[in-house]
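One structure is given here, and the rest of the page talks about it.
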Amino acid sequence: MNGENVIMIKKKILFVIESLGCGGAEKSLISLLSSLDKERYDLSIWMMYPKGAFLSFLPNDVNVIKQPKYNVFESMLLYLSSILYSVIWRLNKMVGKSEYWGETYYKSRGWAIKVPKGKWDVVFAYHQGLVTYVVADKFHGCKKVGWVNADIFKTGYSIKYNSKFYRKIDCICPVSDILHELMDDRMPEFSSKYHTVWDIINSSVIRGLSRKQVGQLRTNSDEYIFVTTGRLHVLKGYDMAVEAAHFLKQKGVKFKWYFIGEGAQRNDIEKQINLLGLQDDVKLLGMKTNPYPYMAQADVYIQTSRHEGFGMTIAEARILGIPVVSTNFDVVYNQITHEKNGLISEMNGVKIGEQILRLIQDDELREHIKSTLQKEENLTYQTEVRKVKKIIDE
0 MNGENVIMIK
10 KKILFVIESL
20 GCGGAEKSLI
30 SLLSSLDKER
40 YDLSIWMMYP
50 KGAFLSFLPN
60 DVNVIKQPKY
70 NVFESMLLYL
80 SSILYSVIWR
90 LNKMVGKSEY
100 WGETYYKSRG
110 WAIKVPKGKW
120 DVVFAYHQGL
130 VTYVVADKFH
140 GCKKVGWVNA
150 DIFKTGYSIK
160 YNSKFYRKID
170 CICPVSDILH
180 ELMDDRMPEF
190 SSKYHTVWDI
200 INSSVIRGLS
210 RKQVGQLRTN
220 SDEYIFVTTG
230 RLHVLKGYDM
240 AVEAAHFLKQ
250 KGVKFKWYFI
260 GEGAQRNDIE
270 KQINLLGLQD
280 DVKLLGMKTN
290 PYPYMAQADV
300 YIQTSRHEGF
310 GMTIAEARIL
320 GIPVVSTNFD
330 VVYNQITHEK
340 NGLISEMNGV
350 KIGEQILRLI
360 QDDELREHIK
370 STLQKEENLT
380 YQTEVRKVKK
390 IIDE
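Using numbering that gives the first Met the number 0, you'd call the opening residue of the sequence shown number 0 and step up by one each time.
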């Protein structure tokens, strides 16, 4: 064999995701695709809906799989399935049935959905719910991996329905230790399949993006800058953020609080801001493909979520050395130790405000937290990438 060229056959890997919008799973996938060895793996992505702000961040050497083609008859069936979905969704609302939308969608439309033709060694469903149903049901002759980046038990998923699909998945990856424990407790049938892989975050990329030039958030030298990022959804707790802002204003704190994100709750949030007279204090910046230059200007990063699978934006704020005040959702304790590298608040607007006030008034505490953050290393990044490689290669 000496002197002969050894040809290594690349493993073909497909990542399936709904789209590349500004979410935690999408950020994680972009980081992972940038980190895997292209000499070792032939990487492809299929987006069920090829759109999203992160499309421009896709590495050039990742194959983007085209949408499957439907003939006239198949297109008609797909259209009929959309009508069926609409009818079932409305009926569920009328009778007060609470069901995760993806379950309703797949029950009514799954039979008509086509997937790309091709052979892959490993297929990742890079999101719980709809993507997992499609990968479990419609891809064959490959290893199947399911990514879980949300607490599915608090967001309306049926254990019975989802179990049907997880039985067809070979490896299930919760993105935090606490989420792993929750799944182990509620769905013990799949205990041997669980492998915790934290969301992939490339610290050097985050820091590099944070140095991009944007406008200055601070308009007065005596005001504090607060930032919260995430889709405008009830699960992200923006109503509590506005309540906290009202509390701080009543205490005489001068601040600007910037919400970065877009979503269905925008009108409700704007009404609450106007009702409490916070138009000059709380600003909605909309969705930003690169929120990091804004986060980097913050005196405090504030996370008001009711539920998270991991809390990627907290990890990003820590990378940027920004002190964090967060609500006490289950998995926050995987990242934040109270009074060491951040503060944890009860899930209440006034309590959040009290912790923010404490942080900006207590110089010693604030400097201790900032010092701790400066010493932290993003050791999990390469560790988690190695875990993914192990899953692929086994």
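Just so it is clear, CB atoms sit at the ideal spot from N, CA and C, and this is done for glycine as well.
If you're wondering where the values come from, they're calculated on a predicted model, not measured in any experiment.
Query: Below 8 Å between beta carbons: does that hold for Ile335 and Ile343?; Result: yes
Query: Determine the direct distance from the alpha carbon of Tyr293 to that of Val387, and round the result to whole angstroms.; Result: 31 Å
Query: Using a Cβ-Cβ cutoff of less than 7 Å, which residues in the same chain neighbour Ser85 once the five nearest sequence positions on both sides are dropped?; Result: none
Query: Can you give me the Cβ contacts of His397 inside the same chain, cut-off strictly under 8 Å, excluding the 5 residues immediately before and after it?; Result: Coverage of the chain is limited to positions 0 through 393, which leaves residue 397 absent and any answer about it impossible.
Query: Once the 5 residues before and after Ile87 are set aside, which same chain residues still bring their CB inside 8 Å of it?; Result: Thr103, Lys106, Ser107
Query: With three or more beta-carbon pairs closer than 8 Å as the criterion, would you say the region 241-259 touches the region 219-229?; Result: yes
Query: Sorry if obvious, but does the Cβ on Asp362 come closer than 7 Å to a heavy atom of the ligand NAD?; Result: Of the ligands one can find in the structure shown there are none, so the ligand NAD has no counterpart to examine.
Query: According to the neighbour-count rule (16 or more other Cβ atoms, all chains shown, within 10 Å of its Cβ), is Asn59 buried or exposed?; Result: exposed
Query: Is it the case that the Cβ atoms of Val241 and Gln271 are separated by a distance below 8 Å?; Result: yes
Query: Assign Ile8 to one of two classes, buried (16 or more other C-beta atoms within 10 Å of its C-beta) or exposed (fewer than that).; Result: exposed
Query: Do Thr228 and Pro173 have their CB atoms nearer than 8 Å?; Result: no
Query: When burial is assigned at 16 or more other CB atoms within 10 Å of the CB, is Trp45 buried or exposed?; Result: buried
Query: Output needed for Gly109: all residues of its chain with C-beta closer than 7 Å, excluding positions within five of it in sequence on either side, in chain order.; Result: Tyr132, Asp136
Query: Just to confirm, is the Cβ distance from Thr312 to Gln302 under 8 Å?; Result: yes
Query: What span of residues does the alpha helix (DSSP H) with Gln302 cover, start to end?; Result: It is not in any alpha helix (DSSP H) - Gln302 instead sits in the beta strand (DSSP E) that spans 299-302.
Query: Please name the residue or residues paired with Asp36 in a DSSP beta bridge.; Result: Beta-bridge pairing links Asp36 to no other residue.
Query: In chain order, what residues of the same chain lie with their CB nearer than 6 Å to the CB of Trp119, ignoring the 5 residues before and after it?; Result: Lys11, Leu13, Cys141
Query: Where do the N-terminal and C-terminal ends of the beta strand (DSSP E) with Ser344 fall, by residue?; Result: 342-344
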